[in-house]
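J.: Chains as they are written, first to last, in my numbering: chain A, 20 to 308; chain B, -7 to 267; chain C, -7 to 267; chain D, 4 to 366; chain E, 5 to 301. Just so you know, even glycine gets a beta-carbon here, dropped at the ideal spot from N, CA and C. Every value quoted in this text rests on a predicted model; they were computed, and no experiment measured them. Got a structure for you, questions after.
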Amino acid sequence: MSGIVRDPPAAPGSRTRAGTRPSARTRGVAGIDPGRLPGTGRSLAAPLLLGVAALLLWQGAVWLLEIEPFIVPGPLAIAGAFLENLRNVLDAAAVTGANAAIGLVVGGLLGVAAAVASAAAPVLDRLAAPMVVALSVIPIVALAPVLYTMYGADQQATRQIVAGIAVFIPVYVNSLRGFRQAAPVHRDLMRSYAAGTWQITRSVTLPSAVPYMFTGLRIASSLAVVSALIAEYFGGPVGGLGKSVTSAASSSNYTLAWAYVVGAVLLGLLFYAVTAGLEKYFSRHTARA
Amino acid sequence: MNEAHSDRPAAAVEVSGVDRIFRSGREEVQALRGVSVTVAAGEFVSLIGPSGCGKSTLLRLIADLDTPSSGMISVFGKPPRQARLDQDYGIAFQQAGLLPWRSVRGNIELPLQTHGAAAAARRERVDELLAMVGLSDFGEHYPDQLSGGMQQRVAIARSLAESPKLLLMDEPFGALDEMTRERMQNELIRISAETGCAVVFVTHSIPEAVFLSDRVVVMSPRPGEIRDVVDITLGTAAARGAGLREEAAFYDAVRLVREALHGAEPAAVRGAETR
Amino acid sequence: MNEAHSDRPAAAVEVSGVDRIFRSGREEVQALRGVSVTVAAGEFVSLIGPSGCGKSTLLRLIADLDTPSSGMISVFGKPPRQARLDQDYGIAFQQAGLLPWRSVRGNIELPLQTHGAAAAARRERVDELLAMVGLSDFGEHYPDQLSGGMQQRVAIARSLAESPKLLLMDEPFGALDEMTRERMQNELIRISAETGCAVVFVTHSIPEAVFLSDRVVVMSPRPGEIRDVVDITLGTAAARGAGLREEAAFYDAVRLVREALHGAEPAAVRGAETR
Amino acid sequence: LGLTGCGGSGGSGEEGAAAGELTPVKLQLQWFAQAQFAGYYAALDQGFFEEEGLDVEILEGGADIVPQDVLASGDADYAISWVPKVLGSIEQGAAITNVAQIFERSATLQVAMADSGIDGPEDLAGKKVGSWGYGNEWELFAGMQKAGVEIGDIELIQQAFDMNGFLAGDIDAAQAMTYNEYAQVLETENPDTGELYQPEDLSVVDWNEEGTAMLQDAIWADTQRLEDDEEYQATTVAFIKAAIKGWAYAKDNPEEAASIVTGAGSTLGQSHQLWMTNETNKLLWPSTNGVGLIDEAAWEQTVEIAMGTKNETGATIISEEPPATAYTNEYVEKALAELEEEGVDTRGAGYEPIEVTLAAGGN
Amino acid sequence: MRMGGRQERMRPARLLWGLGGVLIPVLVWELYKALGPAEGVSVGGIPLLPRTTDLAMPHTWTMLARLFAPESSAAGAVPMWAAVLQAAGFTLAIAGAGWLLGTVVGLGLAMLMQRFRSANSAVLPWIILSQTVPLIAIAPLVRRWGSQLEFGPFVWENWMSVAVIAAYLAFFPVAVGALRGFGAPEKAHVDLMHTYALGWWQTFLRLRLPASVPYLLPALRLAAASAVVGTVVAEVSIGLRGGIGRMIVEFAAAAGGDPGKPWAPIFGAVVLGLAAVGCVALIGVLLRRYRRGEQAV
Ligand SMILES: Nc1ncnc2c1ncn2[C@@H]1O[C@H](COP(=O)(O)OP(=O)(O)OP(=O)(O)O)[C@@H](O)[C@H]1O
Ligand SMILES: Nc1ncnc2c1ncn2[C@@H]1O[C@H](COP(=O)(O)OP(=O)(O)OP(=O)(O)O)[C@@H](O)[C@H]1O
Ligand SMILES: Cc1ncc(C[n+]2csc(CCO)c2C)c(N)n1
Ligand SMILES: [Mg+2]
Ligand SMILES: [Mg+2]
């Protein structure tokens, strides 16, 4: 039940017990691991081509059908607005990005800490299960208004908390899974060394869980941005991408609104890329061994 | 019990009348029944038996990774727990069980580090061990950069790190292909001779058990009992070369173990067999 | 090529001068070099060799799961692709590879179903096959309710579903423990004798290869070449009982294969071995 | 693409009322159903639209619904929106026209606690000032600018759908509509007194008094269709007529109007709804020249502020004068004339608001 | 992930634990409210713990009591809980439609990507990118585009726009999960299908689809939660009447005078999310057979 926000089952290696033959691995399975996706320039060409094609189609439609900008602006116009308002977009992105980053870090740390606690004391896990499920299904919009009241409408904190909650769930769930993932053989080994609980935690449990934590963090990364952004919708100090999008849209300046949306997309991608990179770095050995 | 043995040199392992019953929910599984066996210091003993007969369970009891339901175990005259705390044994499993985020050196170092050995001493000991398993050039590699056989050698080096007088090995070569496996067997013979430690070795393979051991303990299907103990008289470990595998004495021993293993049971398929 | 053979009974498998080179990025791996081998109808041939020597690759080429870089392969005088489309062979892998969501019956039925056999005919054939592998009572069980040996028997039944005249097996008993393994070998001997199909059998185990085969093809390390072909003269398959494993002739054959396998290569550890 | 919206399909003009063949009309509001739109709901409920030969469907708004865009893209026939918001849209290319300025006065306040020391816009400097954004902020900015307070001098806070930020002290001066948020405060218990907040507890900045009021709720129509489509022109007059009748009904029967709105699906509490009806009435009545007639001076003031007031990013609502098509009194004059003929009071000279007592929580 | 018989048997115990998990937060809430400072706890200007005023943190019994009071003072008003449940049901229905649409689209995309490797690498980054576009930017667009649609008797309704927006969030986990699941069969199984001379479609039906179930179920669960979030946001965004989203906004305004009121739709949202996830769990039970692999191997 607590696996609501879980990434599909783990990377290769954890499933098969006998799958240690090199030949069984070199061939790999068909399909991809989205976790390792927007890696480096491996196959940037194809998605870029598709993107360019889509943009051309869009721009063509805007031209040919003479669509008014207040219905759908064309990509060229959006790009123009983006460049023209670069300062404002960057300022807004900085506000939203900072909130998302703080939410990501704090929510991530708390998620890991809670997972450590739950792994150490399964009682906690069972007690937390209903809360975790509730938090994971509750729409942010439902929480944001009461959170503003609880923490103060003049604070960025509420947005950070909203982002933090969104981050907490996947990080907690994945980390907990990671802590349970520590191979029994490794636990036995440490026990045979007469190692203490802390030594076992430090040498085996934590490192085994690290890739899982980062998987959770990657899933959470764009959630953090989107959540921080939606929270702006419900209050807090003025500034930020969400407020800018709605503000521009409410005066029908959709070109500008989409310029801010582009900012949001780039910010989301940045967060995703950074966490995906971290994930890749931290699972460079574990993924294969 | 330990007192009784204190005046003569303690056996490496002494197991007497051990039962192990697993309870999970309503079910009860008797894994071991009345198992008694003694491993002398420096002796190489293999445990062989059908899958699920309790070989691993017995090994885990000796290593104090599990406790018997009844019966007594002593390791070098001490309770297993004390032996574990004193690091009297090293252990290796079927899966090499290396920590993938540590280099080869880091893995071998692990037990030393856990016990707070100084960095310099650790370094020296690891170099020694790397040389012993022929991996001096691979200290900085990571497990995923090694072949299965090399990983298993690292695991053996790790189990030897504290210079234990007892080595516990649970199918350490089970995942290797036959050629690598034979090579590893040769190495193990050499190492156990060099270090003079006693070995309790779990395996499925009759030729492997015969090639390596001074004695082969044959176990019956669950509930695991000791069905027979076959003494192997193929000469000292140091004298066993690769050529041994082609000698008639070797084949005779293999046949003896096979017969002990298959026992009274007919070789035909048991249709109702389930896990 | 097929024409050349059309007037005499086609061999089950004919491989001549086959190379297989894998390219991945800039790297090139030559898995097979100039491999030629013929398997007569009804013949039991084992492939043995060190890990990575191309045994599986060769089997996959025959099964048309892969295509040779150069050279020719024919199966019953046809190109492998045609043989595959005609369902001329059955295949079994190391992992039993049963679909966990299908019952034993469902698994065995699978090839029949995909080729549109009528339900009644399917039922009958599956009953027959279940009886053949001694699992008549287990048709409605699911794979996870079976032991490894039973699963492997289901896989064999499945590979026999279409009554192929050729069975391709890639280490089918690799994951089993020794006792179960020996039992499965006895069964396979019986089944192959009963159905009269040719078998190409990949294994790592010398005794297994010797026990089962009419001929053992020994391959060299990568790039895989055929180093030797050992004829085993232990009598017809039907005549091979469990007792055979204890006979001197058996040990002689084992030694022959071992020598062929280890060849000129020293038995010492190659320190620089990597994957 | 675009098959809807061409509303006046087979209508038989203004005379067709009796014939039963009604012209379908969609009206897009700028928020959920509430007494702010009481006149339209009353007109619907009382059959005024039907009398004019119209079959009106009222489309509620939402947080991201921009009524003028719904109108401009042809998904509605008329829309209710604030003039300054629409001026921006017009500059972005939305071809729509103000055909009736329903609200004569602005309802936007900036509310502070009486003891906060905020008595006018000049006191806002250094304070935490709330605003909803969404184009609701321009009067505030204009008032501040007029009083010499720059946006950089205040801490601008995005206000939520509630007044909690103000009540909790996070916002020193909060934006409030007389008819809604101001009442929300008065429905809340004052922790100091244990009673509901009283008007004396609050200090209110009214933009009407500060001279930076902008025109609010107006009926907007499609410019192109007004030019090309005679039927639409007739429908527009009919629509304005019925709407004004509805508002007159709300003036005379505030209780009934409030319950009509509640019946239309508003979940606001009873006393709150009545308060809103009453306050909204005050925005129309008494009317200087007849409800809906666009006052040139007020329009000019709105446009001037729209061109001269900068927001936090330094942008103004519009950069040039709106086109002449941005408003017209042609239709509302016709409507008023016809109403006069029918004896409907379109000025409400003797209008007296009622007294509404707010209950806790607006219930 | 594993749901062996062991867990099945533990149900009653799990329920008890769950109850504890509900009671403890209630206790913590009241305890903190009783002991915590009214202005909350801030460190260096950063608020760490919330305010404890009745406005910020109403008593749990205030919230509970509000649920049993009538929704409004109007004559004939239903109790709050009934109104909330009705709204939750309304939202659930739309979320269900969105979930269904998202699942179909997600599965379709995953099939496309599984079938054509080039499609895979070209499409996947865009799928990831799509989720970084804020919903609030899309909601009005969807409504506007939707309202342009009209074929014959079919008229686009606002609730359909909401469902489409929900689908926009829901399709993502399904696409990623299904893609992974379709790639999950072991090589040996794929080879086996090849030796049976089966085409892509047959292989898909007999192997990839059933093999993907263990991957698909968590994805569907996540999609259900996302669909609920999407529906609620979209309800606010385009102002659809009848659901929880609109109720949240409308009731927020009453917070000052009626502090328990805004919490009612929040509980509704939780119930709604749990119901959605529960429905997917039901699917999991129906597909039990295809989850044997989780225990076997
Ligand atoms: N923790 C446990 N709980 C319950 N049953 C257990 C546990 N550990 C082992 N068993 C059971 O005890 C029996 C002996 O297991 P054990 O692992 O010792 O066998 P083994 O001889 O090592 O088999 P293999 O050759 O397959 O490794 C088996 O039936 C096993 O299922
Ligand atoms: N698809 C592939 N791409 C690249 N290299 C491959 C591929 N398949 C096999 N190889 C390489 O070809 C060589 C032969 O592989 P193969 O699996 O046939 O060996 P094998 O004899 O079956 O080994 P094992 O006994 O371990 O199963 C190996 O070096 C392997 O790494
Ligand atoms: C996102 C958003 N938040 C708050 C309001 C509140 N508000 C400000 S003016 C106004 C007019 C109609 O009452 C209303 C409701 C809004 N409109 N949109
Ligand atoms: Mg074991
Ligand atoms: Mg192979």
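Out of D:350, D:313, D:309, which has the shortest C-alpha to C-alpha gap to residue 247 of chain D?
T.: By 1-based counting over the fourth sequence, the position of residue 247 of chain D is 244. The candidate whose alpha carbon is nearest that of residue 247 of chain D is D:350.
J.: Got a sec: does ligand 5 put a non-hydrogen atom nearer than 6 angstroms to the Cβ of residue 48 of chain C?
T.: Numbered from 1 along the third sequence, position 56 holds the residue referred to as residue 48 of chain C. True, at least one ligand heavy atom lies under 6 angstroms from that Cβ.
J.: Can you tell me where the alpha helix (DSSP H) holding residue 141 of chain B begins and where it ends?
T.: Numbered from 1 along the second sequence, position 149 holds the residue referred to as residue 141 of chain B. Run containing residue 141 of chain B: 140 to 151, per the alpha helix (DSSP H) assignment.
J.: Can you check whether the CB of residue 7 of chain B is closer than 7 angstroms to the CB of residue 14 of chain B?
T.: Residue mapping note: residue 14 of chain B aligns to position 22 of the second sequence, counting from 1. Residue mapping note: residue 7 of chain B aligns to position 15 of the second sequence, counting from 1. Against a cut-off of 7 angstroms, the Cβ pair of residue 7 of chain B and residue 14 of chain B comes out as no contact.
J.: Mind checking whether the beta-carbon of residue 37 of chain C lies closer than 6 angstroms to any heavy atom of ligand 2?
T.: Counted from its first residue, the third sequence places residue 37 of chain C at position 45. False, no ligand heavy atom lies under 6 angstroms from that Cβ.
J.: When you compare only the Cα positions, how much space is there between residue 213 of chain E and residue 185 of chain E?
T.: Taking the first residue of the fifth sequence as 1, we reach residue 213 of chain E at position 209. Taking the first residue of the fifth sequence as 1, we reach residue 185 of chain E at position 181. Rounded to the nearest angstrom, the two C-alpha atoms are 8 angstroms apart.
J.: For residue 122 of chain D, which residues in the same chain have their Cβ closer than 7 angstroms to its Cβ, ignoring the five residues on either side in sequence?
T.: Walking along the fourth sequence from the start, residue 122 of chain D turns up at place 119. The beta carbon of residue 122 of chain D sits closer than 7 angstroms to those of 206, all from its chain and outside the five residues before and after it, given in chain order.
J.: If I follow the unbroken beta strand (DSSP E) through residue 88 of chain E, where does it start and stop?
T.: Here residue 88 of chain E refers to the residue found at position 84 of the fifth sequence. If you look at residue 88 of chain E, you'll find it isn't in any beta strand (DSSP E); it sits in the alpha helix (DSSP H) that goes 84 to 119.
J.: Could you compute how far the alpha carbon of residue 202 of chain D sits from the alpha carbon of residue 285 of chain D?
T.: Taking the first residue of the fourth sequence as position 1, residue 202 of chain D is located at position 199. Taking the first residue of the fourth sequence as position 1, residue 285 of chain D is located at position 282. Near 17 angstroms, if we compare the C-alpha coordinates of residue 285 of chain D and residue 202 of chain D.
J.: Here's the rule: buried if 16 or more other CB atoms are within 10 angstroms of the residue's CB, otherwise exposed. What is residue 82 of chain A?
T.: Mapped onto the first sequence, residue 82 of chain A falls at position 63. It counts as exposed.
J.: What do you reckon, are the CB atoms on residue 200 of chain D and residue 282 of chain D nearer than 7 angstroms?
T.: Here residue 200 of chain D refers to the residue found at position 197 of the fourth sequence. Here residue 282 of chain D refers to the residue found at position 279 of the fourth sequence. No, they are not a contact pair.
J.: Residue 232 of chain C CB to nearest chain B CB: under 7 angstroms?
T.: Residue mapping note: residue 232 of chain C aligns to position 240 of the third sequence, counting from 1. No, no contact with chain B.
J.: I'd like to confirm the pairing. Which residues does DSSP put opposite residue 191 of chain E in its beta bridges?
T.: As a first step, residue 191 of chain E must be located in the fifth sequence, where it is residue number 187. DSSP, once it has assigned bridges, lists no residue as partnering residue 191 of chain E.
J.: From the DSSP output, which residues share a beta bridge with residue 149 of chain D?
T.: On the fourth sequence, position 146 is the one that residue 149 of chain D refers to. The partner list for residue 149 of chain D (beta bridge, DSSP) is empty, contrary to what the question assumes.
J.: Could you work out which residues of chain E lie near residue 164 of chain D, taking near to mean beta carbons separated by less than 7 angstroms?
T.: For the purposes of this step, residue 164 of chain D is taken as the residue at position 161 of the fourth sequence. Simply 253, 256, 257.
J.: I'd like to know if the stretch 120 to 136 of chain D and the stretch 97 to 117 of chain A are in contact, where contact means that at least 3 CB-CB pairs between them fall below 8 angstroms.
T.: no
J.: From the beta carbon of residue 60 of chain B, is the nearest beta carbon of chain C less than 7 angstroms away?
T.: Here residue 60 of chain B refers to the residue found at position 68 of the second sequence. Closer than 7 angstroms: no.
J.: Name, please, each residue of chain E whose Cβ falls closer than 8 angstroms to the Cβ of residue 200 of chain A.
T.: The residue labelled residue 200 of chain A in the question sits at position 181 within the first sequence. None at all; the shortest Cβ gap to chain E is about 11 angstroms.
J.: Within 7 angstroms (strictly less), CB to CB, does residue 97 of chain D reach chain A?
T.: Start at 1 with the first residue of the fourth sequence, and residue 97 of chain D comes out as number 94. So, interface residue.
J.: With distance defined between alpha-carbon atoms, name the residue in D:54, D:49, D:67, D:59 nearest to residue 266 of chain A.
T.: Working through the first sequence from its first residue, we reach residue 266 of chain A at position 247. Comparing Cα-Cα distances from residue 266 of chain A to each of D:54, D:49, D:67, D:59, the minimum goes to D:67.
J.: Can you pull the chain A residues whose beta carbon is under 8 angstroms from the beta carbon of residue 31 of chain D, in chain order?
T.: Residue numbering aside, residue 31 of chain D sits at position 28 when the fourth sequence is read from its first letter. Ordered by position in chain A, no residue passes the 8 angstroms Cβ test against residue 31 of chain D, which lies about 14 angstroms from the chain.
J.: How about residue 214 of chain B: is its Cβ closer than 6 angstroms to a heavy atom in ligand 1?
T.: Against the second sequence, residue 214 of chain B aligns to sequence position 222. Remark: the shortest separation between the CB of residue 214 of chain B and any heavy atom of ligand 1 falls under 6 angstroms.
J.: Who are the near neighbours of residue 60 of chain A in its chain, counting only those whose CB is closer than 6 angstroms to its CB and skipping five residues on each side?
T.: By one-based count along the first sequence, residue 60 of chain A stands at place 41. Residue confidence for residue 60 of chain A is low, a pLDDT of 49 falling below 50, so the modelled location carries little weight; the figure read from the coordinates is stated next. Answer for residue 60 of chain A: no residue qualifies.
J.: Step through the CB atoms of chain C and report whether any lies within less than 7 angstroms of the CB of residue 80 of chain B.
T.: Translated into the one-based positions of the second sequence, residue 80 of chain B becomes position 88. Not one chain C Cβ lies under 7 angstroms of residue 80 of chain B.
J.: Where does residue 6 of chain B sit, in a helix, a strand or coil, going by DSSP?
T.: Position 14 of the second sequence, counted from the start, is the residue given in the question as residue 6 of chain B. Reduced to three states, the DSSP call for residue 6 of chain B is strand.
J.: Candidates A:226, A:285, A:169: which alpha carbon is nearest residue 33 of chain E's?
T.: Here the question's residue 33 of chain E lines up with position 29 in the fifth sequence. The residue with the shortest Cα to Cα distance from residue 33 of chain E is A:169.
J.: Relative to the alpha-carbon of residue 136 of chain A, which residue among A:298, A:195, A:232 has its alpha-carbon at the smallest distance?
T.: For the purposes of this step, residue 136 of chain A is identified with residue 117 of the first sequence, where counting begins at 1. It is A:195 whose Cα lies nearest to the Cα of residue 136 of chain A.
J.: Using the Cα positions of residue 195 of chain B and residue 88 of chain C, report the straight-line distance between them to the nearest angstrom.
T.: Position 203 of the second sequence, counted from the start, is the residue given in the question as residue 195 of chain B. Position 96 of the third sequence, counted from the start, is the residue given in the question as residue 88 of chain C. One C-alpha to the other measures close to 22 angstroms.
J.: Residue 201 of chain D touches chain E at which residues, Cβ-Cβ below 7 angstroms?
T.: As a working mapping, residue 201 of chain D is identified with position 198 in the fourth sequence. Near residue 201 of chain D there are no residues of chain E at all, since even the closest Cβ is about 14 angstroms away, more than 7 angstroms.
J.: If we ignore side chains and look at the alpha-carbon of each, how far apart do residue 63 of chain D and residue 38 of chain D end up?
T.: Position 60 of the fourth sequence, counting from 1, holds the residue named residue 63 of chain D. Position 35 of the fourth sequence, counting from 1, holds the residue named residue 38 of chain D. Their backbone Cα atoms lie some 12 angstroms apart in a straight line.
J.: Check the Cβ of residue 90 of chain A against every Cβ in chain D and list those closer than 7 angstroms, keeping chain order.
T.: Locating residue 90 of chain A in the first sequence gives position 71, where the first residue counts as 1. Here the neighbours are 76.
J.: According to DSSP, is residue 253 of chain A helix, strand or coil?
T.: Here residue 253 of chain A corresponds to residue number 234 of the first sequence, with the count starting at 1. Note: residue 253 of chain A maps to coil in three-state DSSP.
J.: Out of A:271, A:158, A:295, point me to the one whose CA is closest to residue 239 of chain A's CA.
T.: Taking the first residue of the first sequence as position 1, residue 239 of chain A is located at position 220. Minimum Cα distance to residue 239 of chain A is reached at A:295.
J.: Under three-state DSSP, which class holds residue 35 of chain D?
T.: The residue you call residue 35 of chain D lines up with position 32 of the fourth sequence. In this structure, residue 35 of chain D counts as coil in the three-state DSSP scheme.
J.: Along the stretch 39 to 66 of chain C, where does the CB come closer than 8 angstroms to a CB of chain B? Name the residues.
T.: 42, 43
J.: Does the distance from the C-beta atom of residue 222 of chain B to that of residue 252 of chain B stay below 7 angstroms?
T.: Here the question's residue 222 of chain B lines up with position 230 in the second sequence. Here the question's residue 252 of chain B lines up with position 260 in the second sequence. Their beta carbons are under 7 angstroms apart, which means residue 222 of chain B touches residue 252 of chain B by this criterion.
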